[in-house]
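These notes are about the structure you will find just below.
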Amino acid sequence: MIAVPAPLRQRLQEHRQEHVVRWWETLDETARRGLVQQLEPIDFPQITRLYEQRDQSFAVPSPDRIQPIPVDALDESDAALRRAGEEALRGGEVAVLIVAGGQGSRLGFEHPKGMYPIGPVSRKSLFQIHAEKVLALGRRYGRNVPLLIMTSPATHDETVAYFREQRYFGLSANDVFFFCQGTMPALDLASGKLLMDGPGRVFTSPNGHGGTLTALADSGLLARMEQRGVRHIFYFQVDNPLIKVADPLFLGHHVSRRAEVSSKIVPKEGPNDRLGNLVLVDGRCTIIEYSDLPDSLARRTDAEGRLWLWAGSPAIHLFDVAFLKHVTTGPERMPFHTARKKVPYHDDNGRSVQPANENALKFEMFIFDVLPLADRWTVVETSRREEFVPLKNATGADSPAVVEQAISDLAAAWLSKVEVNVPRGVPLEISPLFALDAAELAGKVDRYLRVDGPLYLHDRVTG
Ligand code: UTP
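The opening residue of the sequence shown carries number 25 in this note's numbering; numbering runs sequentially from there.
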């Protein structure tokens, strides 16, 4: 039977965390190995520091430091900009990154959220819709686009198996890369001790979507992308089927401005819109969470009665690879946010405890903390109708019914541009492999297309 490795025992003692091996003698060989594997990568000095700094929460900047963000309006007909983006795609300089490590607890679906069948007619999953957009881009520009999928321990195995079973939805298996985000332990609020999940297991949870960048670097994928000639990474969240993946106009703008980060924004629908707020803080591009923005600022309006801070974040970004290297390896590593949560745990007497009150500190990184580190950035406007409908809840707002309707509505809008009449209430869907945008659709259908029932346009027109 193995013993606790001496250097590990010493680290545990130094950081007053020896209780985690209290049940060692009762563990079998496999459990012992599992526990050592969990403990080895933990950065104990960091954990200690985070506990000591637990009361220094992320201070919301004082209102006098906050200003509206300047937003660039992109002109759909700007051929030079579009060409710059298309050149980047043709040159193999673009990779697509989907974050899919969340637990999707609000949706209550028993598989990773990306597997949710959301196509209103085809029942294609979110993952299939995204993968087909990537495939269509590769075909259009004659260069395969690498697809990076960030999972978490909760979603990894099932996601990888699903892509394999579905033969990567037509993508080459060599162009699809999975990497798993890191986890963080939780600490007992009163003592700073690591919470246990069982006698041989430390409690851990995903380290937040900000974990994407460190996981990308630590997995070696960032370096691999760089070797492959990738210079820009297009980032979005798995739950948004309307996403314009690596939209050439956005890309062209980002490239021509030599930006380190570019972000899309949508106008907020009201002061209480639950979107992050893109603002300037001390002149730097910053996102302030909706829950952190003081009410007086959220409600403030300009002379015309419009919201003063009107730019909401749909979490759509383009990152420059050199910038990501800098922020993941340099001294400016991403900070952890601390949250007080109720975490069930295994106590020192071997009992499972369901706490009635917040008993734990959990730590998460947020992707948007990287924005203020950029010296060169751009922000462009898009609309929800065209590009943002997140699947979050089982019913009501952001539910499958709302998301399916938005997919249908966008298809109707594209069809109306070629004067195709669509009856109200009919589910519509356009496969990304049929058309990636309204202009491509216009080259394939005309006003003689009759729609009198559910319509799914894919490689052949079917009713
Ligand atoms: P949300 O914060 O909306 O979480 O994630 P969720 O998992 O989708 O849903 P709930 O809150 O449990 O109901 C926004 C995006 O960030 C990813 C999610 O997969 C989603 O694409 N995410 C979130 C991660 O990849 N890792 C995380 O640790 C958290």
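Virtual Cβ for every residue (Gly too), placed ideally from N, Cα, C.
Open item on the list: Only counting the same chain, and skipping five residues up and downstream in sequence, which positions put a Cβ closer than 6 Å to that of His39?
Closed with: Phe68 and Thr72
TODO: For Met174, count neighbouring C-beta atoms within 10 Å of its own C-beta (all shown protein chains included) and say buried if the count is 16 or more, exposed if not.
DONE: buried
Task: Arg324 (DSSP reduced to helix, strand or coil) - done: In the structure shown, Arg324 sits in coil (DSSP, three-state: anything other than H, G, I, E or B).
Open item on the list: Can you look up Glu38 in the DSSP assignment and give me helix, strand or coil?
Closed with: helix
Open item on the list: Suppose you measure from the CA of Ala436 to the CA of Val446; what does that come to, to the nearest Å?
Closed with: 7 Å
Open item on the list: So, does the segment 256–276 touch the segment 113–127, judging by three or more C-beta pairs under 8 Å?
Closed with: yes
TODO: Please confirm whether Gly329 and Asn301 have their CB atoms less than 8 Å apart.
DONE: no
TODO: Rounded to whole angstroms, what's the CA-CA distance from Ala185 to Leu333? Just pull it up for me.
DONE: 43 Å
Task: Alpha carbon of Gly234 to alpha carbon of Asp371, nearest angstrom - done: 30 Å
TODO: Closer than 6 Å by C-beta to Ala241: which residues in its own chain qualify, once you throw out the five before and the five after it? Chain order, please.
DONE: Thr352
TODO: Could you tell me which uninterrupted alpha helix (DSSP H) segments, each at least 4 residues in length, are contained entirely in the segment 370–444, listed from first to last along the chain?
DONE: 408–411 and 424–441
TODO: Report the three-state DSSP secondary structure of Val485 (helix, strand or coil).
DONE: With a pLDDT of only 45 at Val485, under 50, the local geometry of the prediction cannot be trusted, and the value read off the model is given with reservation. In the structure shown, Val485 falls within a strand segment according to DSSP collapsed to helix, strand and coil.
- [ ] Give a yes or no on contact between the segment 304–317 and the segment 394–404, applying the rule of three or more CB pairs nearer than 8 Å.
- [x] Yes, the segment 304–317 touches the segment 394–404.
Open item on the list: For Arg323 and Leu59, I'd like the C-alpha separation in whole angstroms.
Closed with: Arg323 and Leu59 have their C-alpha atoms spaced approximately 50 Å apart.
Task: Range of the contiguous alpha helix (DSSP H) that encloses Gln261 - done: Looking at the DSSP string, Gln261 is not in any alpha helix (DSSP H); the run it does join, the beta strand (DSSP E), is His256 to Gln261.
TODO: From the DSSP output, in three-state form, read off Val120 for me.
DONE: strand
Open item on the list: Looking at Pro141: is its Cβ nearer than 8 Å to the Cβ of Ser129?
Closed with: no
Open item on the list: Output needed for Asp326: all residues of its chain with C-beta closer than 8 Å, excluding positions within five of it in sequence on either side, in chain order.
Closed with: Trp332
TODO: Ignoring anything shorter than 4 residues or poking outside the segment 58–101, list the alpha helix (DSSP H) runs there in chain order.
DONE: 68–76
- [ ] Please classify Ala160: is it buried, with 16 or more other beta-carbons within 10 angstroms of its beta-carbon, or exposed?
- [x] buried
Task: Assigned exposure category for Gln77 - 16 Cβ within 10 Å defines buried - done: exposed
Task: Lys416 versus Arg225, Val442, Glu428 and His180, residue with shortest Cα-Cα distance - done: Glu428
- [ ] Just grab the DSSP bridge partners of Gly336 for me.
- [x] In the DSSP assignment, Gly336 forms a beta bridge with Val290 and Asn301.
- [ ] Hey, could you find the ends of the beta strand (DSSP E) Phe202 is sitting in?
- [x] Val200 to Cys204
TODO: Out of Asp271, Ser146, Phe390 and Gln37, point me to the one whose CA is closest to Gly126's CA.
DONE: Phe390
Task: Rounded separation between Asp297 and Ala421 - CA only - done: 12 Å
Open item on the list: Could you check whether the segment 442–461 touches the segment 370–384, counting it as contact only if at least three pairs of C-beta atoms, one from each stretch, sit closer than 8 Å?
Closed with: no
TODO: Go ahead and label Pro29 buried or exposed: buried means 16 or more other beta carbons lie within 10 angstroms of its beta carbon, across all protein chains shown.
DONE: exposed
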